[in-house]
Amino acid sequence: MQMTPTALASLAQEIRVSIIEMLTEAKSGHPGGSLSSVDLLTALWFSEMRGIETPAKIDDPNRDHFILSKGHGVPTLYAILAKKGFLPAEELKTLRRLDSRLQGHPDRQRLPIVESSTGSLGQGLSVAQGMAMGLKANRSKGRVYCLLGDGEVQEGQIWEAAMSAPKFALSNLCVILDQNGGQIDGPVSQVMPIEPVTDKWRAFGWHVIDIDGHDYKQILAAFAEARSLEEKGETKPVFIRARTVKGKGVSFMENKIEWHGVAPKADEARKAIDEIRGKSEV
Amino acid sequence: MSKATRQAFGETLAKLGETHPEIVVLDADLAKSTKSEIFGKKFPDRFFEMGIQEANMIGVAAGLSFTGKLPFLCSFGAFLTGRYDTIRLSVSYNHANVRLIGTHAGIGIGDDGHSQMGLEDVALMRALPHMGVFQPMDAKETELVMNHLVTEWKGPAYLRLTRQNLPDLLTNEIAWTPGKIHQIKPFTKGLNRDQKVVILGTGAGTAEAVSTWTQLQDQSGLDVSVSSVHCLKPFDEATALKLAKEAAWIVTVEDHSVIGGLGSCVADVLSTHGLGTKLIKIGVEDVFGESGEQPELYEKFGISAKRITSRLIETCR
């Protein structure tokens with residue numbers, strides 16, 4: 001279901017509004033890393049992934065899969081799932097509430113569409129690798145996408161998987177790095193530098209694509225390239241480095257570490273939503 | 001006959017592979033030692049050599065299970081359970097249908113020494129919700145537990161196996177039930193409760209318990225029975241309670257830390273029900289292991305039949 005950049009931008013606007021509303025209602029959560037991934041995940045879920053167009057197709061053995069390894073960014077995924085009909089929109093208000101399926105971090109037992117419970121960083125890629133191996137063994141056409149945070153790649157287990165996936169020729173596996181440059185204790189470059197990150201993944205045997213993670217043309221082209229490599233019989237898994245802005249779309253949150261894990265208050269939320277909807281200059 | 005439970009595991013796994021195409025096996029560069037290579041040679045397409053990357057192997061197994069596979073992931077128990085957070089979230093919390101196989105249990109591995117000895121693995125795995133914990137006493141019980149883990153068990157499970165050979169102890173296979181404590185040596189003397197001692201063994205501990213039983217046959221004033229506990233979680237409380245009510249003493253024998261293993265399972269039952277039965281926990285006393293031959297290590301650490309026998313004569317008579 002290919003969509004145009006303009007159509008995606010308009011959807012992304014509503015996803016961003018949902019995130020702000022959800023976090024404000026919950027009074028906690030992670031706006032910075034949720035907003036940085038919106039454009040990547042909107043393009044992925046609405047334009048690229050196959051077999052997840054409607055909830056009815058969820059048992060299709062050839063459908064694509066997604067694992068959110070940076071589990072704290074889950075509000076973005078919930079907002080997308082609601083938009084696609086996997087969740088009632090009303091349920092978004094239950095984020096982080098007792099007995100909600102919308103746990104603070106993804107929970108496969110309560111909400112199977114999130115594919116794997118994550119939140120202890122560095123684990124989702126290994127699970128994605130296992131799914132890619134299983135789908136390949138099952139001769140499924142399904143592909144596996146995995147979103148990593150940039151602080152997360154400081155974890156040792158990430159590099160185990162980075163070394164392992166190429167061995168198994170997992171061209172059905174596509175990793176997306178949401179490189180927003182920030183983590184709780186400060187800039188990634190100061191807390192624990194990860195650069196040169198693309199060179200590292202290339203050296204580990206991945207096909208690396210480098211993009212602006214807010215430019216839909218580049219995002220869609222990268223996904224198309226990743227899929228076409230598999231179709232051409234290329235064996236390397238794909239690593240997309242997406243340069244993003246933490247808090248993207250809300251100017252007072254952009255690149256501000258203090259917005260990593262704090263929810264906006266009501267007045268801040270109004271200001272943020274106005275800006276997202278393009279009313280901030282008024 | 002005697003056989004290491006890891007060997008029985010490897011043989012049974014390869015056999016089960018014939019009728020269960022969903023089984024896949026992963027190993028972290030220890031396939032020769034864990035005996036998963038028997039499966040690997042027979043079904044190379046369903047065997048994944050994961051290299052020395054236990055954490056990644058654990059996550060990969062969870063992912064494989066989500067595509068309908070039944071993964072067995074194998075390493076030394078010490079190394080596997082050392083990747084606790086990955087087991088906790090990717091496997092347990094996900095309720096992933098995987099089988100974690102931890103071989104080289106306890107000080108019984110001998111001269112490789114401290115770093116290779118899984119001594120807290122049962123304690124760690126028991127603490128995880130959803131996780132089943134199994135430890136067979138001999139080759140036959142390993143086969144029976146494996147059948148249970150492939151045909152009946154759902155969700156994650158940990159299976160703890162020995163490097164060293166263990167004698168055949170299971171004779172009454174018909175009476176054996178998955179998950180239940182199984183008696184292998186009865187009381188023989190018809191003495192009163194205050195002279196009765198129930199010994200519960202698990203894994204390599206059961207063989208020591210049986211030798212203790214034999215040595216105590218000539219000893220007056222003590223009437224002893226031995227049962228095997230192959231399932232440490234969910235623990236068979238009902239049978240443990242019934243056994244505890246028969247005797248003045250209950251003794252647990254395991255090649256594992258006395259913290260969090262079989263001894264703790266029994267302590268929970270005794271204290272919860274306020275029974276007066278006294279408990280002796282035989283195991284590794286909150287210390288690490290060291291190099292040596294298995295028999296001399298069991299002697300030094302107090303889990304040999306000889307040491308257990310003297311301790312029971314001193315304490316229970």
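Going down the list, the protein sequences come from chains A and B.
Under this note's numbering, the first residue of the first sequence carries the number 1, and numbering increases by one thereafter.
Under this note's numbering, the first residue of the second sequence carries the number 1, and numbering increases by one thereafter.
Even glycine gets a Cβ: it sits at the ideal position worked out from N, Cα and C.
Legend entry - Extent of the continuous beta strand (DSSP E) to which residue 103 of chain B belongs: 99-103
Inset, instruction - Rounded to whole angstroms, what's the CA-CA distance from residue 152 of chain A to residue 34 of chain A? Just pull it up for me. - result: 14 Å
Legend entry - Per-residue DSSP class, three states only, for residue 171 of chain B: coil
Inset, instruction - Hey, could you find the ends of the alpha helix (DSSP H) residue 252 of chain B is sitting in? - result: Here residue 252 of chain B belongs to no alpha helix (DSSP H); instead the beta strand (DSSP E) covers 249-257.
Inset, instruction - Compute the distance between the beta-carbons of residue 188 of chain A and residue 214 of chain A, then report whether it is under 8 Å. - result: No; because the gap between Cβ atoms is not below 8 Å, this pair is not in contact.
Inset, instruction - Please go through the same chain and pick out, in chain order, the residues whose beta-carbon is closer than 7 Å to the beta-carbon of residue 194 of chain A, but skip the five residues on each side of it. - result: Taking residue 194 of chain A as the centre and dropping the five residues before and after it, the same chain places the C-beta of 150, 153, 154 and 188 closer than 7 Å to its C-beta, in chain order.
Inset, instruction - Could you name the residues of the segment 198-220 of chain A whose beta carbon sits closer than 7 Å to any beta carbon of chain B, in the order they occur along the chain? - result: Interface annotation for the segment 198-220 of chain A against chain B: empty, criterion Cβ-Cβ distance under 7 Å.
Inset, instruction - Closer than 7 Å by beta-carbon distance: list the chain B residues that pair up with residue 258 of chain A, in chain order. - result: Within chain B, no residue has its beta carbon less than 7 Å from that of residue 258 of chain A; the closest one is some 27 Å off.
Legend entry - Where residue 27 of chain A falls, given that 16 or more other Cβ within 10 Å makes a residue buried: exposed
Legend entry - Reference residue 68 of chain B; option with closest CA among A/69, A/73, A/61 and A/1: A/61
Legend entry - Residue nearest to residue 68 of chain A in terms of C-alpha spacing, selected from A/200, A/125 and A/89: A/125
Inset, instruction - Using a Cβ cut-off of 7 Å, pull out every chain A residue sitting near residue 60 of chain B, in sequence order please. - result: 126, 129, 130 and 133
Legend entry - CB contact below 8 Å: residue 103 of chain A versus chain B: It does not: the Cβ of residue 103 of chain A has no partner Cβ on chain B nearer than 8 Å.
Inset, instruction - Could you tell me the boundaries of the alpha helix (DSSP H) in which residue 204 of chain B lies? - result: 204-215 is the span of the alpha helix (DSSP H), which, as asked, contains residue 204 of chain B.
Inset, instruction - Keeping to the same chain, check which residues put their C-beta closer than 7 Å to that of residue 57 of chain A; ignore five residues upstream and five downstream. - result: 51 and 63
Legend entry - Beta-bridge pairing of residue 28 of chain A - partner residues as DSSP gives them: Paired residues: none, contrary to the question.
Inset, instruction - Mind reading off the beta-carbon distance from residue 175 of chain A to residue 207 of chain A? Whole number of angstroms is fine, and I expect it under 8 Å. - result: The pair is not a contact, with the Cβ atoms about 10 Å apart (cut-off 8 Å).
Inset, instruction - Let me know if residue 158 of chain A comes out buried or exposed under the rule of 16 or more other beta-carbons within 10 Å of its beta-carbon. - result: Burial call: buried.
Legend entry - Neighbour flag for residue 161 of chain A against chain B, beta carbons, 8 Å: Yes, its Cβ sits closer than 8 Å to a Cβ of chain B.
Inset, instruction - Please confirm if the segment 86-97 of chain B is in contact with the segment 104-123 of chain A, defined as three or more CB-CB distances below 8 Å between the two stretches. - result: Verdict: yes, contact present.
Legend entry - Cβ pair count under 8 Å reaching 3, the segment 163-170 of chain B against the segment 195-215 of chain B: yes
Legend entry - Whether residue 182 of chain B touches residue 227 of chain B by CB criterion (8 Å): Taking 8 Å as the Cβ cut-off, residue 182 of chain B and residue 227 of chain B qualify as a contacting pair.
Legend entry - Residues bridged to residue 74 of chain A [DSSP beta-bridge criterion]: Residue 74 of chain A pairs with nothing; no bridge assigned.
Inset, instruction - Examine chain A for any beta-carbon lying closer than 8 Å to the beta-carbon of residue 311 of chain B, and answer yes or no. - result: no
Inset, instruction - Compute every distance between the C-beta of residue 184 of chain B and the non-hydrogen atoms of the ligand ADP, then say whether any falls below 7 Å. - result: As for the ligand ADP, it is missing from this structure, which has no ligand bound.
Legend entry - Runs of alpha helix (DSSP H) lying entirely within the segment 158-201 of chain A, each at least 4 residues, in chain order: 188-191
Legend entry - Partner residues on chain A for residue 66 of chain B, Cβ-Cβ distance less than 9 Å: 65, 108, 115, 116, 127, 130, 131 and 134
Legend entry - Cutoff 7 Å; reference residue 281 of chain B; Cβ partners in own chain excluding five residues on either side: 252, 258 and 263
Inset, instruction - Would you tell me roughly how many angstroms separate the C-alpha atoms of residue 341 of chain B and residue 255 of chain B, rounded to the nearest one? - result: Residue 341 of chain B falls outside the range modelled here, since chain B spans only 1 to 317, and no answer is possible.
Inset, instruction - Consider the Cβ of residue 171 of chain A: report whether some Cβ of chain B lies at a distance smaller than 8 Å. - result: no
Legend entry - Where the beta strand (DSSP E) containing residue 211 of chain A begins and where it ends: 207-212
Legend entry - Residue environment, residue 321 of chain B, which counts as buried when at least 16 other CB atoms sit within 10 Å: The displayed coordinates of chain B run from 1 to 317. Any statement about residue 321 of chain B would go beyond what the structure contains.
Legend entry - Separation of residue 113 of chain B from residue 82 of chain A, as counted between CA atoms: 55 Å
Inset, instruction - Thinking residue 27 of chain B and residue 36 of chain B are a contact (beta carbons under 8 Å), I'd like their distance in whole angstroms, please. - result: Right, the Cβ-Cβ distance comes to about 5 Å (below 8 Å), so this counts as a contact.
Inset, instruction - Flag residue 154 of chain A as yes if its beta-carbon sits less than 8 Å from any beta-carbon of chain B, otherwise no. - result: no
Legend entry - Rounded Cβ spacing between residue 240 of chain B and residue 277 of chain B (contact assumed at less than 8 Å): Contact doesn't hold; Cβ gap of about 10 Å is too wide.
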